[in-house]
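Just below is one structure, and these are the notes that go with it.
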Amino acid sequence: MEALVATRGVLSRAISAVSSKPIGQGCEVKRIPLPIVSDRQILVNVHAVALNPIDFISIDRLAPRGSVVGCDYAGEVAEVGKNAPSSWKVGDRVAGFLHGGHYSDRGSFCKYLTIDGDLAWRVPDGLGYEEASTYGVAAATAMLGLSVHLGIPLLDTPSTDLTTQPQATESRGTVLIYSGSTSVGLFAIQLAKRSGYTVVTTASPHSFDLVKKYGADSVFDYRSKTAAQDISKAFPNITQAFDCISKGASTEFCAQVLEKNGGKIVTLLDQGKSKTKGVEYKFIVIFTALGEAFGWLPPIGPSFPASPSDRDALVRFYADLPSYGDVVKPPPLRVLGSGFDKILTGLQDLRGGKVSGQKLVVKLE
1 MEALVATRGV LSRAISAVSS KPIGQGCEVK RIPLPIVSDR QILVNVHAVA LNPIDFISID
61 RLAPRGSVVG CDYAGEVAEV GKNAPSSWKV GDRVAGFLHG GHYSDRGSFC KYLTIDGDLA
121 WRVPDGLGYE EASTYGVAAA TAMLGLSVHL GIPLLDTPST DLTTQPQATE SRGTVLIYSG
181 STSVGLFAIQ LAKRSGYTVV TTASPHSFDL VKKYGADSVF DYRSKTAAQD ISKAFPNITQ
241 AFDCISKGAS TEFCAQVLEK NGGKIVTLLD QGKSKTKGVE YKFIVIFTAL GEAFGWLPPI
301 GPSFPASPSD RDALVRFYAD LPSYGDVVKP PPLRVLGSGF DKILTGLQDL RGGKVSGQKL
361 VVKLE
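Residue 1 is where the sequence shown starts when you use full-length UniProt numbering, and the numbers rise one by one after that.
Given below as structure tokens:
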């Protein structure tokens with residue numbers, strides 16, 4: 001089958017890590033063997049893929065030469081392992097994500113992929129493959145940050161409580177979602193709101209309406225010099241934050257909001273240790289939820305042990321997702337078209353910072 005495969009060697013990745021303009025695309029379409037289905041896996045015929053920043057970051061800095069690129073997918077079950085969990089059948093509609101840019105035999109930017117049967121979710125009728133493909137890395141990251149690391153109980157709130165009478169639901173607490181217009185941010189806003197929390201977020205003014213549409217109670221312009229103080233004044237009891245961009249001064253901004261009470265900030269990039277007394281930083285990587293230990297740029301890069309608790313959380317999340325998919329909506333889509341050339345175009349747009357408030361999706365049919 002054809003697949004988009006990483007081509008950078010160690011030197012090229014090292015140069016890309018320190019350069020704002022990586023040399024070349026760093027990947028190309030190649031023919032690779034079809035994946036072999038183990039007893040607990042399903043084989044998926046991929047119909048649509050969603051693009052994430054981690055895709056081009058992997059290509060430019062992390063992905064070993066020969067590894068298949070891409071994480072998010074949606075498609076149709078083509079084969080079922082004899083002991084695969086979740087009662088899959090050939091022809092079922094399925095979606096999820098895997099650790100693209102790390103292995104030579106798995107990634108989503110290809111025609112077929114394999115995944116453990118309990119690490120995928122059943123796409124409900126009425127949701128297209130393009131929309132379903134977006135509930136991968138971003139949705140799972142939002143779940144992991146809120147549920148596992150901030151202790152927000154995502155899965156025990158009946159959706160009817162928050163869809164029919166949200167104004168009558170007593171808030172369980174307040175959480176700050178920094179950079180709410182990102183894909184992770186939009187999913188985090190919805191999940192936190194669904195769980196009964198008051199959601200405060202930051203965004204550029206042109207995205208205010210977007211984050212409010214997805215459920216944010218209050219939104220502040222992150223570029224305002226008084227924004228952090230304004231949030232802490234308006235919500236004096238806030239102790240939880242999710243930094244959905246983790247660049248520049250974003251995590252320090254969150255720390256300023258939590259400074260009075262202390263608390264915890266979940267970050268998507270390693271920000272080191274907090275310098276604010278009483279405030280803890282927790283760096284997460286969604287691939288720990290796939291149940292395998294891994295490392296980046298071995299032997300000098302960081303390594304991540306397998307996390308059974310993260311995996312269990314993902315299994316629960318994907319098992320329940322079809323029942324409240326009408327409440328947790330996909331981010332706004334921009335479907336680029338069909339084929340690997342469109343994936344390459346989308347990756348270049350992401351590299352260039354040309355994507356805001358949208359999720360890029362490509363069909364593979």
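Just so it is clear, CB atoms sit at the ideal spot from N, CA and C, and this is done for glycine as well. Predicted model only: the values in this text are computed from it and were never measured.
Buried or exposed, going by whether 16 or more other CB atoms sit within 10 Å of the CB of residue i?
i           : result
Pro158      : Reliability fails at Pro158, whose pLDDT of 43 lies under 50, so the model's placement of it is uncertain and the value that follows must be treated cautiously. Label assigned to Pro158: exposed.
Arg223      : exposed
residue 378 : Residue 378 cannot be examined here, being either before or after the span of the chain that is shown, 1 to 365.
Ala17       : exposed
Gln167      : Low per-residue confidence applies at Gln167: pLDDT is 43, beneath 50, and the placement is therefore not dependable, though the value from the model is reported in the following sentence. Gln167 is exposed by the Cβ-count criterion.
Leu11       : exposed
Val362      : buried
Pro308      : exposed
Asn52       : buried
Glu365      : exposed
Thr226      : exposed
Asp116      : buried
Glu170      : exposed
Asp326      : exposed
Pro302      : exposed
Ala78       : buried
Arg31       : exposed
Asp72       : buried
Ile300      : exposed
Val90       : exposed
Gln348      : exposed
Lys84       : Reading off the sequence, residue 84 comes out as Ala, not Lys. Classification of Ala84: buried, given that the 10 Å Cβ count is 16 or more.
Ala289      : buried
Ala249      : exposed
Ala74       : buried
Taking the alpha-carbon positions, what's the residue i to residue j distance?
i      : j      : result
Ala228 : Arg106 : 42 Å
Ile59  : Ala216 : 34 Å
Phe235 : Val200 : 9 Å
Phe283 : Val123 : 30 Å
His149 : Leu210 : 26 Å
Ala293 : Lys233 : 42 Å
Pro298 : Thr134 : 30 Å
Pro205 : Asn45  : 40 Å
Phe304 : Leu34  : 28 Å
Tyr264 : Gln256 : The question names Tyr, but residue 264 in the sequence shown is Lys. When rounded, the distance between both Cα atoms is 12 Å.
Leu119 : Ala306 : 15 Å
Leu113 : Ser207 : 35 Å
Lys354 : Thr141 : 22 Å
Arg65  : Val37  : 23 Å
Cys244 : Val285 : 12 Å
Asn261 : Tyr324 : 33 Å
Arg8   : Pro332 : 32 Å
Asp221 : Cys254 : 13 Å
Phe187 : Ser356 : 15 Å
Asp161 : Tyr129 : Only weak support is given to the placement of Asp161: the predicted model assigns it a pLDDT of 44, under 50, and the value that follows is read from those uncertain coordinates. Rounded to whole angstroms, Asp161 to Tyr129 spans 28 Å at the Cα level.
Arg172 : Ser218 : 16 Å
Gly272 : Arg40  : 38 Å
Under 8 Å by Cβ, that's how I've got residue i and residue j pegged, so tell me the actual separation to the nearest angstrom.
i           : j      : result
Leu144      : Asp310 : 6 Å
Ala63       : His102 : 7 Å
residue 368 : Val175 : What is shown of the chain runs 1 to 365, which leaves residue 368 out entirely.
Val69       : Asp92  : The pair is not a contact, with the Cβ atoms about 25 Å apart (cut-off 8 Å).
Ser147      : Ala6   : With 8 Å as the limit, Ser147 and Ala6 do not qualify as a contact, their Cβ atoms being about 32 Å apart.
Ile238      : Leu268 : Ile238 to Leu268, Cβ: 20 Å. No contact.
Leu4        : Ile343 : 6 Å
Tyr214      : Ile189 : 5 Å
Ala132      : Tyr178 : Not a contact, Cβ separation roughly 27 Å.
Pro153      : Ser195 : 6 Å
His47       : Glu76  : 7 Å
Ala138      : Val94  : Wrong, their Cβ atoms sit about 18 Å apart, outside the cutoff.
Phe97       : Gly136 : 3 Å
Lys359      : Ala50  : 6 Å
Ser104      : Ser67  : 6 Å
Kindly identify the DSSP beta-bridge partner or partners of residue i.
i      : result
Gly295 : Ser303
Tyr178 : Asp243
Phe283 : Thr267
Ala216 : None; Ala216 has no bridge partner.
Gln41  : Asp116
Ala203 : Asp221
Thr198 : Thr174
Lys363 : Ala48, Ser338
Arg122 : Val94
Could I get the ranges of all uninterrupted alpha helix (DSSP H) runs contained in the stretch 45-102, with 4 residues as the minimum, in chain order?
53-57
Can you list the alpha helix (DSSP H) stretches of 4 or more residues lying completely in the stretch 222-267, in chain order?
As far as the stretch 222-267 is concerned, its whole alpha helix (DSSP H) runs of at least 4 residues are 227-234, 250-258.
Going residue by residue through the stretch 2-36, where are the continuous beta strand (DSSP E) segments of at least 3 residues, counting only ones entirely within it?
2-6, 27-31
Taking only runs of the alpha helix (DSSP H) that begin and end inside the stretch 314-361, which ones reach a length of at least 4 residues, in chain order?
The stretch 314-361 is shown to contain whole alpha helix (DSSP H) runs of 4 or more residues at 340-351, in chain order.
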